[in-house]
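In my numbering, the protein residues as written are 146 to 432.
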């Protein structure tokens with residue numbers, strides 16, 4: 146960031162760091178940075194870990210500049226792209242310049258496979274389209290930031306929110322980078338939960354799945370019953386056979402019912418969290 150600042154005199158930079166309940170030396174390092182650069186460096190520390198989405202929202206709530214960039218501190222988001230992003234915004238053709246990874250080099254191939262599948266699923270199910278490989282790293286105008294802040298929902302999926310608010314957005318591709326320090330806390334199950342949150346937050350199609358499955362199997366059962374009645378009328382002495390297939394069908398329908406209840410439960414759970422009106426985050430210190 147120092148290099149970016151020295152290479153350009155087009156803008157005055159202000160830094161807001163959000164410490165999401167870290168247990169390493171992040172907090173004392175931020176205090177030292179802020180003490181050394183009180184006019185430029187600011188920080189927010191949470192009372193505990195509230196998650197990436199809460200940290201992002203807190204940062205956007207704190208900034209006051211005409212343009213706001215969102216980026217991770219592990220340097221997987223290339224800071225040197227900021228100048229190009231700013232130049233594009235200055236043309237007044239765009240309100241946001243985002244980034245998208247061209248590849249997933251160095252990432253677990255299983256996670257990469259499911260990540261690519263997620264974008265395909267959500268883009269087919271939802272009217273809110275998300276660019277495959279899109280990152281949270283982006284530069285936005287004040288107007289777009291204010292629009293995002295107006296969405297105060299507790300269950301947040303920022304990639305979807307960025308797309309939902311609209312505005313003219315240009316995406317810049319870049320190659321995947323290894324993080325400079327630390328290890329990611331994201332694993333397959335956390336990413337799966339995050340993907341489910343994204344789908345539930347931006348489409349009601351999973352609820353329609355239960356409805357259509359109910360209609361389909363109701364139709365199949367009616368046809369089967371009619372077939373059994375006709376057979377009994379034609380062959381009155383014959384017995385109805387096929388207990389193994391019947392048990393399999395019962396298990397299949399039971400599984401679909403449980404899946405449908407689970408989908409409904411996910412939506413009800415999200416509603417439950419929303420209606421409690423708990424804060425998205427709690428600040429321990431802000432400076």
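For glycine and all other residues, C-beta sits at the position ideal for the given N, C-alpha and C.
Might you give, ordered along the chain, the residues of its own chain that have their beta carbon closer than 7 Å to the beta carbon of residue 402, omitting 5 neighbours on each side? Taking the first residue of the chain shown as 1, we reach residue 402 at position 257. For residue 402, where only same-chain residues beyond five positions count, there are no Cβ hits under 7 Å.
Evaluate residue 392 with the Cβ neighbour count: other Cβ atoms within 10 Å of its Cβ, from every protein chain shown; 16 or more gives buried, anything less gives exposed. Locating residue 392 in the chain shown gives position 247, where the first residue counts as 1. By the 10 Å Cβ count, residue 392 comes out exposed.
Buried or exposed: where does residue 205 fall if 16 or more other Cβ atoms within 10 Å of its Cβ makes it buried? In the chain shown, the residue the question calls residue 205 occupies position 60. So residue 205 ends up on the buried side.
Against chain C, does residue 339 count as a neighbour if the rule is that its beta carbon must be under 8 Å from one of theirs? Included in the structure is just one protein chain, with no chain C present.
Given 8 Å as the limit, is there contact between the segment 422-431 and the segment 183-196, that is, 3 or more CB pairs closer than that? yes
Residues sharing a beta bridge with residue 317, DSSP: In the chain shown, residue 317 corresponds to position 172, counting from 1. 244, per the DSSP bridge assignment.
Fully enclosed by the segment 180-248, which beta strand (DSSP E) runs are 3 residues long or longer? 186-191, 212-215, 241-246
Excluding the 5 residues flanking residue 213 on each side, which residues of the same chain have their C-beta closer than 6 Å to its C-beta? Along the chain shown, read from residue 1 onward, the residue named residue 213 stands at position 68. Around residue 213: 285, 290.
Could you tell me the alpha carbon to alpha carbon distance between residue 221 and residue 234, rounded to whole angstroms? Taking the chain shown and counting its residues from 1, one reaches residue 221 at position 76. Taking the chain shown and counting its residues from 1, one reaches residue 234 at position 89. Their backbone Cα atoms lie some 22 Å apart in a straight line.
Given 8 Å as the limit, is there contact between the segment 296-315 and the segment 344-354, that is, 3 or more CB pairs closer than that? Counting C-beta pairs closer than 8 Å gives three or more between the segment 296-315 and the segment 344-354, which meets the contact rule.
Touch test, the segment 413-422 against the segment 357-377, Cβ-Cβ under 8 Å, three pairs minimum: Touching, no, given that fewer than three Cβ pairs across the two stretches are closer than 8 Å.
Pull up the distance between the alpha-carbon of residue 165 and that of residue 218, whole angstroms please. Locating residue 165 in the chain shown gives position 20, counting from the first residue. Locating residue 218 in the chain shown gives position 73, counting from the first residue. Cα to Cα, the separation comes out at about 12 Å.
Tell me the rounded alpha-carbon separation between residue 179 and residue 186. Against the chain shown, residue 179 aligns to sequence position 34. Against the chain shown, residue 186 aligns to sequence position 41. If I take the Cα positions, the gap works out to 5 Å.
Residues bridged to residue 283 by DSSP? By one-based count along the chain shown, residue 283 stands at place 138. Paired residue(s): 215, 243.
Please list the terminal residues of the continuous beta strand (DSSP E) segment that includes residue 163. Looking up residue 163 in the chain shown gives position 18. Where residue 163 is concerned, the enclosing beta strand (DSSP E) starts and stops at 160-164.
Answer with buried or exposed for residue 363, where buried requires no fewer than 16 other C-beta atoms within 10 angstroms of its C-beta. In the chain shown, counting from the first residue as 1, residue 363 sits at position 218. That one is exposed.
Evaluate residue 240 with the Cβ neighbour count: other Cβ atoms within 10 Å of its Cβ, from every protein chain shown; 16 or more gives buried, anything less gives exposed. Residue numbering aside, residue 240 sits at position 95 when the chain shown is read from its first letter. With 16 or more other Cβ atoms within 10 Å, it is buried.
Assuming residue 236 contacts residue 283 under a Cβ cut-off of 8 Å, what Cβ separation, rounded to an integer in Å, is found between them? Mapped onto the chain shown, residue 236 falls at position 91. Mapped onto the chain shown, residue 283 falls at position 138. Under the criterion of beta carbons closer than 8 Å, residue 236 and residue 283 do not qualify as touching, at roughly 16 Å.
Candidates 182, 359, 320, 162, of which the one nearest residue 397 by Cα: Within the chain shown, residue 397 is the residue found at index 252, counting from 1. Of the candidates 182, 359, 320, 162, the one whose C-alpha sits nearest the C-alpha of residue 397 is 359.
Going by C-alpha to C-alpha distance, which of 314, 269, 228 sits closest to residue 280? The sequence position of residue 280 within the chain shown is 135, counting from 1. Residue 280 has its Cα closest to that of 314, out of 314, 269, 228.
Quick one: is the Cβ of residue 212 within less than 7 Å of any heavy atom of the ligand GDP? Because no ligand of any kind appears in the structure shown, any question about the ligand GDP cannot be addressed here.
On the three-state DSSP scale, how would you describe residue 429? For the purposes of this step, residue 429 is identified with residue 284 of the chain shown, where counting begins at 1. In the structure shown, the three-state DSSP call for residue 429 is strand.
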